[in-house]
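Engineer: Heads up, the sequence shown is in numbering that gives the first Met the number 0, so the first residue is 0 and it goes up one at a time.
From the three backbone atoms N, C-alpha and C, an ideal C-beta is built for every residue, glycine too.
Shown below is the structure under consideration.
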Amino acid sequence: MQLSLSGFLFEDKYQSQSLDFPSFCALARSAGYDGVELRRTQVNLQTSANQRRQLRIQVKNHGLKVTCLTARGMPAAGTERDAFLLDYLDLCRDMGCSLIKIGGDPEWLRWAAEQGERVGVTLASNNHLNGPLETVAGTRTHLAAVAHANYGLLYDSMHLNLTGQDYVGCIPEFYPATRNILVQSLRPARGGESPLLERDGRSWVKDRIDAEGVQTWPAILRTYRNLGYDGLITVIENGWPVEQREQVARHCAAVLHSLWEEE
C-alpha cells in the first residue's frame, strides 16, 4: 500500500487551503502517509518554475512524493484542451508526479493517454455522481470505450454506494484498471441530522472511516489486497470543519494502516 493524503481535505470551496504547504507536508509525514495528492489550490499551471522547485523540495524533505495531480479547470474541447493537457504533463514532470486525475470523452482520453505514455504519466478518472463512471455499468462502458493501457480508474466506493451499486462485488472486474483507491465516507442520515447530500430519496452525512453505516472499508481493502493490489490509496475526505481536519487525516491513516495489515 502507498498511502497518500489529498489537499482536498484542507480545501475551502475549491478556492483556497486552510493549511499552509509546509504544515500539510509535515502532517502527512507524521501521520504515516507516503505521499501527497496536490490540488489546483496548491500547485497549478500558473505556479512559476521556481515555486514548483520549492514545493517539490518541501515534499522530498518530508520523505514524501507527489502521487497525483488533479487537472481541474480544463477547457471542454478543442486545441485549448490539448494545450492544457500538455502543460499539465509538464507540471507533472516538474513535480515528479506520474498520475493525473482527469476527465473527458473517450476518444480524446485515448489521445491524452498516448501523450501521457510518452512521458511516463498515467491518466485516470474517478467514479462520480452524474458522470460516465457513476455506476458499475457506466464504468465498464467508459473504460472499454477508452481502451488504452495508460488510462485507468480511480476507484471511489462512496460515489458507487450513492447510486446503489455493488461496490465490493465489482472490484475483481475493475482491479486491473485501478490506479488509485479513493477514501471518503458517507452514511445514511439519522433523525434530526442535516444532510450533506440527498439522492434518490435518501439523505447522507459525513462520518469517520470506521463509523457504522459508511462503506464497508474492511471488505473493500481485503478484496483489493487479496487480488494483489499494492498501489495507491488516497484519503480525499473533504468538507470537514477546519478544526477537525487534522484529526480526520490522522484517524484515516491509522485505520487504513490497521485494515491493510490485518491477516
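(1) Leaving out five residues before and five after Leu226 in sequence, what residues of the same chain have Cβ atoms less than 8 angstroms from its Cβ?
(2) Considering only DSSP beta bridges, list what Cys67 is partnered with.
(3) Pull up the distance between the alpha-carbon of Gly95 and that of Ala218, whole angstroms please.
(4) Alpha carbon to alpha carbon, how far is Leu68 from Tyr87?
(5) Can you tell me whether Thr66 is buried or exposed, with buried defined as 16 or more other CB within 10 angstroms of its CB?
(6) Let's see if you can read the secondary structure: which residues bound the alpha helix (DSSP H) around Gly137?
(7) So, Glu10 versus Arg38, is the Cβ gap smaller than 9 angstroms?
(8) Under the three-state reduction of DSSP, which class applies to Pro74: helix, strand or coil?
(9) When burial is assigned at 16 or more other CB atoms within 10 Å of the CB, is Glu245 buried or exposed?
(10) With a CB to CB cut of under 8 angstroms and the five nearest residues on each side skipped, what residues in its chain are close to Asp206?
(11) Near Arg249, which residues of its chain fall below 6 angstroms by C-beta distance, leaving aside the five closest residues on each side in sequence?
(12) Report all residues from its chain with a CB closer than 8 angstroms to the CB of Val118; omit the five preceding and five following residues, and keep chain order.
(13) How about Leu255 and Ile232: do their beta carbons lie closer than 9 angstroms?
(14) Three-state secondary structure (DSSP) at Ile101?
(15) For Thr46, which residues in the same chain have their Cβ closer than 8 angstroms to its Cβ, ignoring the five residues on either side in sequence?
(16) Do you know whose CA, among Tyr150, Arg189, Ser202 and Glu197, lies nearest Asn179's CA?
Structural biologist: Inspection of the coordinates gives the following:
(1) Ile170, Pro171 and Tyr174
(2) Glu36
(3) 32 angstroms
(4) 9 angstroms
(5) By the neighbour-count definition (other C-beta atoms within 10 Å, threshold 16), Thr66 is a buried residue.
(6) Val135 to Val145
(7) yes
(8) Coil, per DSSP.
(9) Label assigned to Glu245: buried.
(10) Only Ser184, Leu185, Arg186, Gly212 and Val213 meet the Cβ criterion.
(11) If you ignore the 5 residues before and after Arg249, its C-beta comes within less than 6 angstroms of the C-beta of Ala30, all in its own chain and listed in chain order.
(12) Leu88, Cys91 and Arg92
(13) Result yes, Cβ atoms of Leu255 and Ile232 sit closer than 9 angstroms.
(14) coil
(15) Leu54 and Leu90
(16) Tyr150
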